[in-house]
Amino acid sequence: MKTIRLRDGKERSLQRRHPWVFEGSVARGGADAGETVRVESHAGQFLAWGAFSPQSMFRVRAWSFVEAERIDAAFFESRLRHAIALRGRLGIASDAMRLVHGEADGLPGLIVDRYGDVLCAQFLSAGAERWREVIADALCAITGLSHLYERSDASVRALEGLTPRTGWLRGGVAGQTPTELAITEHGWTLGVDLAQGHKTGYYLDQRENRRRFAELVRQLGCRSVLNCFCYTGGFSVAALAGGARKVVSVDSSAPALALARDNIRRNGFDDAACEFADADVNHWLRDALANGRTFDAIVLDPPKFAPTAAHAERAARAYKDINRLALKLLVPGGLLLTFSCSGGISADLFHKIVAGAGLDAGVNAAILQRLEASCDHPTTIEFPEGEYLKGLALLKV
Ligand code: SAH
45 MKTIRLRDGK
55 ERSLQRRHPW
65 VFEGSVARGG
75 ADAGETVRVE
85 SHAGQFLAWG
95 AFSPQSMFRV
105 RAWSFVEAER
115 IDAAFFESRL
125 RHAIALRGRL
135 GIASDAMRLV
145 HGEADGLPGL
155 IVDRYGDVLC
165 AQFLSAGAER
175 WREVIADALC
185 AITGLSHLYE
195 RSDASVRALE
205 GLTPRTGWLR
215 GGVAGQTPTE
225 LAITEHGWTL
235 GVDLAQGHKT
245 GYYLDQRENR
255 RRFAELVRQL
265 GCRSVLNCFC
275 YTGGFSVAAL
285 AGGARKVVSV
295 DSSAPALALA
305 RDNIRRNGFD
315 DAACEFADAD
325 VNHWLRDALA
335 NGRTFDAIVL
345 DPPKFAPTAA
355 HAERAARAYK
365 DINRLALKLL
375 VPGGLLLTFS
385 CSGGISADLF
395 HKIVAGAGLD
405 AGVNAAILQR
415 LEASCDHPTT
425 IEFPEGEYLK
435 GLALLKV
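Residue numbering for the sequence shown follows my numbering, starting at 45 and increasing by one per position.
What follows is the structure, given as structure tokens:
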């Protein structure tokens with residue numbers, strides 16, 4: 045077993061069970077990509093077992109902080125069993141959910157989502173990649189499912205020296221087994237495309253917020269709704285389910301919009317009464333304001349503007365701008381659901397940005413609720429960096 049010795053004073057983060065060892069903390073030692081290493085303090089004290097990643101700024105990601113533990117197939121089976129059992133206890137109102145959420149489930153670099161009877165996984169670190177076959181077998185054995193699709197095409201893989209890979213890892217046959225399927229979320233039927241969709245196909249992290257939106261639309265009697273960055277229309281269906289009469293869905297991806305229209309139709313809503321705009325939200329909001337349009341409710345769920353804190357300043361301006369425009373487009377008493385999924389923007393900072401947007405728009409708003417990712421995307425107390433999605437439900441006063 046190879047050993048990684050840390051620099052003096054760099055042991056504290058692993059001692060607090062934080063799973064990352066940065067490149068600059070390593071005094072000596074090395075291993076192959078994904079190989080299990082023993083990490084020791086400068087004084088030679090055991091700290092963790094982890095996966096070495098020679099090219100990554102995250103030089104080691106810890107698998108375990110228990111010296112007696114062995115990192116083998118049984119270890120992965122046990123971690124996966126635990127993660128999957130947890131989801132079974134959360135009362136999730138959908139047949140689609142995240143089963144494994146990386147660090148939060150003690151499995152850095154591994155994402156596994158379930159869409160009905162099909163699993164979809166992302167192996168995003170050298171360590172997860174190394175154990176890919178073992179993990180695939182364990183996932184099928186534990187869930188009893190035979191079909192596992194791989195979406196290891198996220199850009200972060202390049203930082204680990206890994207090339208993109210997609211396709212059936214278990215069960216399916218390329219070109220024969222369909223990668224389009226339908227899930228049931230809060231009783232709504234939603235089409236998901238595992239191969240072409242974003243991430244593993246769908247934004248499961250917004251599930252509870254879509255339900256909450258439907259409730260608020262109903263409670264507040266919102267008729268006209270604007271869903272910005274709508275993707276496949278999850279919030280649009282939620283709005284219609286909540287009693288909205290007309291929903292405008294805006295996205296810059298034509299395939300996503302086509303699926304949004306399908307999703308509205310397949311739930312029995314009249315897509316002819318809805319509007320679909322293949323447009324840049326920034327421009328669309330400006331035009332809408334110039335044309336004097338107003339809405340009873342607006343959703344802003346943009347992509348990650350700030351992947352890291354280094355991008356925070358530019359991202360803050362972009363968030364502020366769309367929130368300012370949305371607050372102006374709302375009728376008095378209107379509802380705004382606004383989100384940021386940027387790891388580089390804290391909830392605190394996001395609230396300040398939205399407050400700044402309100403000030404610029406000359407609009408005050410009551411915070412109805414602070415929003416976060418669904419419970420199957422947990423943040424743990426040992427790894428607060430895992431928190432990325434934050435949002436606000438605001439009522440324009
Ligand atoms: N709310 C969605 C997820 C949104 S993901 C859900 O609940 O499923 C972000 C979306 O923003 C993507 O569909 C992407 O195509 C779109 N997008 C990114 N930049 C955009 C822009 N400038 N204008 C319009 N859409 C954009």
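Glycine included, every Cβ here is placed at the ideal spot set by N, Cα and C. Please read these numbers as outputs of a predicted model, since none were measured by experiment.
> Going by DSSP, what residues sit across from V70 in a beta bridge?
Replying inline: Here residue 70 refers to the residue found at position 26 of the sequence shown. Partner(s): L50.
>> For D322, list the residues DSSP reports as bridge partners.
In response: Mapped onto the sequence shown, residue 322 falls at position 278. The partner list for D322 (beta bridge, DSSP) reads D295.
> Taking just the CA atoms, how far does F349 sit from H355?
Replying inline: Here residue 355 refers to the residue found at position 311 of the sequence shown. Here residue 349 refers to the residue found at position 305 of the sequence shown. Those two C-alpha atoms are separated by around 8 Å.
> When we look at the beta-carbon of H86 and count the other beta-carbons within 10 Å, is it buried (16 or more) or exposed?
Replying inline: Taking the first residue of the sequence shown as 1, we reach residue 86 at position 42. Per the 10 Å Cβ criterion, exposed.
> Going by DSSP, which residues form a beta bridge with Y432?
Replying inline: Residue mapping note: residue 432 aligns to position 388 of the sequence shown, counting from 1. Looking at the DSSP assignment, Y432 forms no beta bridge with any residue, so it has no partner.
>> Can you tell me whether P152 sits near ligand 1, meaning its C-beta is under 7 Å from at least one heavy atom of the ligand?
In response: For the purposes of this step, residue 152 is taken as the residue at position 108 of the sequence shown. Not under cutoff, so the answer is no.
>> Out of G378, P222, T233 and V110, which one is the CA nearest neighbour of G277?
In response: Numbered from its first residue, the sequence shown carries residue 277 at position 233. Comparing Cα positions, the closest option is T233.
> CB of N326 to nearest heavy atom of ligand 1: below 7 Å?
Replying inline: Residue 326 sits at position 282 when you count from the first residue of the sequence shown. Within the cutoff, so yes.
> What is the DSSP secondary structure of G384, counted as helix, strand or coil?
Replying inline: For the purposes of this step, residue 384 is taken as residue 340 along the sequence shown, with counting starting at 1. Note that residue 384 is Ser in the sequence shown here, rather than Gly. In the structure shown, S384 sits in a strand (DSSP, three-state: E or B).
> Beta-carbon separation of L58 and F109 under 8 Å?
Replying inline: Counted from its first residue, the sequence shown places residue 58 at position 14. Counted from its first residue, the sequence shown places residue 109 at position 65. Yes; because the gap between Cβ atoms is below 8 Å, this pair is in contact.
> Pick from F119, G378, F383 and E426: whose alpha carbon is nearest that of E416?
Replying inline: Walking along the sequence shown from the start, residue 416 turns up at place 372. If we check each option's Cα against that of E416, F383 comes out closest.
> Do you know offhand how far E7's Cα is from V343's?
Replying inline: Nothing in the structure corresponds to residue 7, since the chain is present only between 45 and 441.
>> At a threshold of 7 Å, does V291 count as lining ligand 1 (C-beta to nearest heavy atom)?
In response: By 1-based counting over the sequence shown, the position of residue 291 is 247. Checking the 7 Å criterion, the Cβ of V291 is out of range of every heavy atom belonging to ligand 1.
>> Do T244 and D157 count as a contact pair if the criterion is CB distance below 8 Å?
In response: Numbered from 1 along the sequence shown, position 113 holds the residue referred to as residue 157. Numbered from 1 along the sequence shown, position 200 holds the residue referred to as residue 244. Yes; because the gap between Cβ atoms is below 8 Å, this pair is in contact.
>> Let's see if you can read the secondary structure: which residues bound the alpha helix (DSSP H) around S280?
In response: Locating residue 280 in the sequence shown gives position 236, where the first residue counts as 1. Segment G278 to A285, the alpha helix (DSSP H) holding S280.
> Do the CB positions of L439 and L379 come within less than 8 Å of each other?
Replying inline: Mapped onto the sequence shown, residue 439 falls at position 395. Mapped onto the sequence shown, residue 379 falls at position 335. It is a contact, given that the beta carbons lie within the stated cut-off.
> Who are the Cβ neighbours of G216 in its own chain at under 6 Å, not counting the five residues just before and after it?
Replying inline: Locating residue 216 in the sequence shown gives position 172, counting from the first residue. Contacts found: H191.
> Which value, in whole angstroms, describes the spacing of the CA atoms of V162 and A106?
Replying inline: As a first step, residue 162 is located in the sequence shown; it is residue number 118 there, counting from the start. As a first step, residue 106 is located in the sequence shown; it is residue number 62 there, counting from the start. Looking at the two C-alpha atoms, the distance is approximately 29 Å.
> Among K372, P346 and L373, which residue has its Cα nearest to the Cα of C385?
Replying inline: Along the sequence shown, read from residue 1 onward, the residue named residue 385 stands at position 341. The shortest C-alpha separation from C385 is found at P346.
>> Could you compute how far the alpha carbon of L238 sits from the alpha carbon of R195?
In response: Walking along the sequence shown from the start, residue 238 turns up at place 194. Walking along the sequence shown from the start, residue 195 turns up at place 151. C-alpha separation (whole angstroms): 8 Å.
> Taking the C-alpha atoms as reference points, what is the distance between L393 and L373?
Replying inline: Within the sequence shown, the letter at position 349 stands for residue 393. Within the sequence shown, the letter at position 329 stands for residue 373. Each residue's Cα considered, the two are about 23 Å apart.
>> Strictly by DSSP, which residues pair up with K290?
In response: Position 246 of the sequence shown holds residue 290. Per DSSP, S268.
> At which residue ranges does the stretch 349 to 431 contain complete alpha helix (DSSP H) runs of 4 or more residues, listed in the order of the chain?
Replying inline: 356 to 373 and 391 to 405
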